[in-house]
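K.L.:
Under my numbering, think of the first position of the sequence shown as 5, with each following residue one higher. All C-beta atoms, glycine included, are put in the ideal place defined by N, C-alpha and C.
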Amino acid sequence: MKQDVDDMYPATLSHTTKFGTKSRAECAKFSPDGQFLVWDYASGNLKKDLHYQADETFMMHDDPVLFVDFSRDSEMLASGAKDGRIKVWCIRTGQCLRCIQCAHSQGITSLAFSCDGSQLLSASFDNTASDGTRAVTDSSDCTVKVWDMKSIDCIHTFRTPPPLRGGDASVNSVNLFPKNTDHIAVFNMTSSVCIMTLQGQVVKSFSSGKREGGDFAAACVSPKGEWIYCVGEDRNIYCFSVQSGKLEHLMKVHEKDVIGVTHQNLLATYSEDCTM
Numbered sequence: 005m006k007q008d009v010d011d012m013y014p015a016t017l018s019h020t021t022k023f024g025t026k027s028r029a030e031c032a033k034f035s036p037d038g039q040f041l042v043w044d045y046a047s048g049n050l051k052k053d054l055h056y057q058a059d060e061t062f063m064m065h066d067d068p069v070l071f072v073d074f075s076r077d078s079e080m081l082a083s084g085a086k087d088g089r090i091k092v093w094c095i096r097t098g099q100c101l102r103c104i105q106c107a108h109s110q111g112i113t114s115l116a117f118s119c120d121g122s123q124l125l126s127a128s129f130d131n132t133a134s135d136g137t138r139a140v141t142d143s144s145d146c147t148v149k150v151w152d153m154k155s156i157d158c159i160h161t162f163r164t165p166p167p168l169r170g171g172d173a174s175v176n177s178v179n180l181f182p183k184n185t186d187h188i189a190v191f192n193m194t195s196s197v198c199i200m201t202l203q204g205q206v207v208k209s210f211s212s213g214k215r216e217g218g219d220f221a222a223a224c225v226s227p228k229g230e231w232i233y234c235v236g237e238d239r240n241i242y243c244f245s246v247q248s249g250k251l252e253h254l255m256k257v258h259e260k261d262v263i264g265v266t267h268q269n270l271l272a273t274y275s276e277d278c279t280m
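1) Express the C-alpha separation of His253 and Tyr13 in angstroms, rounding to a whole number.
2) According to DSSP, is His267 helix, strand or coil?
3) Please report the residue range of the alpha helix (DSSP H) in which Tyr233 lies.
4) Excluding the five sequence neighbours on either side, which residues of its own chain have a C-beta within less than 6 Å of the C-beta of Asp11, listed in chain order?
5) Based on Cα-Cα distance, which residue from Asn269, Asn176, Asp66, Arg239 lies nearest to Lys149?
6) Do the segment 187 to 195 and the segment 214 to 224 meet, that is, are 3 or more Cβ pairs less than 8 Å apart?
7) Taking contact to mean at least 3 C-beta pairs separated by less than 8 Å, is the segment 102 to 112 in contact with the segment 138 to 156?
8) Start and end of the beta strand (DSSP E) containing Ala32?
9) Is DSSP giving His108 helix, strand or coil here?
10) Do you know offhand how far Thr164's Cα is from Cys158's?
11) Hey, quick one: how far does the beta strand (DSSP E) through His187 stretch, first residue to last?
12) So Cys100 and Met80 are in contact, right, with Cβ under 8 Å, and what is the actual spacing, rounded?
13) Alpha carbon to alpha carbon, how far is Cys103 from Ala15?
14) What do you get for Phe62, buried or exposed, if any count of 16 or more other CB atoms within 10 angstroms of its CB means buried?
15) Can you name, in chain order, every residue of its own chain whose Cβ lies under 7 Å from the Cβ of Ile112, other than the five neighbours on each side?
16) Just mark Tyr274 as buried or exposed, buried being the case when its beta carbon has 16 or more other beta carbons within 10 Å.
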């Protein structure tokens, strides 16, 4: 059952999930229906109502899993591993529906289902966002590219604004806005994140306000597109209101460097301290 709650920034820690010292999370995703895949977010424990997990049989790869993505109906999960292999799973049964042995020669760093779940877009060492008709990719070459999903033609190529310290910064992720898919949140390893159009125009930008230790390590957009959440090198989470453009809340989330952040009905962060 989907948990429908107000789109509001987090003020308190709900739960902490601890992993083994050699088992830190590299990726975390909420399913579109608001339920968490392996872990019950309400208790922090493994979900035992998935019978295969109750029997300690898990959806697994031979190599470390680097990225996962849900289909829109929350029926399937795609997982990509360090060896370039992709698997598509039925969440209800835990069965592997498809295995693509050599999708890439190196690790899978991004996956995105098409709207109807019939196609899967994959990338290696960059990130991808898609609204079904267009795909937006970002790269360490400091560019963002917009692609037509039918013709596979590149429609636009643009760069993000340069960091305050000068030079260029590789783009780490792009996020489509739920209510306006002509706008994207673009994040690179600087102290700023910006909202841009698919033509490369800057609509609004947000900054940590710090020249030292304030660069963002990861970012995401809330499900209703009202908030942008950024985790910084200082291990704080910055909560920016899209409407006001202001930093509305700041809180410490981890004791070691934060790897990533994701949001559905709750906000989840995961870190090198092997916690989520």
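P.N.:
In short, the structure shows the following:
1) 7 Å
2) His267 sits in a strand when the DSSP states are folded into three classes.
3) No alpha helix (DSSP H) contains Tyr233, which is instead part of the beta strand (DSSP E) from 231 to 236.
4) Ser226, Lys228, Glu230
5) Comparing C-alpha distances from Lys149 to each of Asn269, Asn176, Asp66, Arg239 shows the shortest one belongs to Asn176.
6) Contact between the segment 187 to 195 and the segment 214 to 224 is present, because at least three Cβ pairs lie under 8 Å.
7) no
8) From DSSP, Ala32 is part of no beta strand (DSSP E); its letter is neither H nor E.
9) coil
10) 17 Å
11) 184 to 192
12) Not a contact, Cβ separation roughly 11 Å.
13) 41 Å
14) exposed
15) Leu70, Phe71, Gly84, Ala85, Gly88, Ile90, Ser126, Ser128
16) buried
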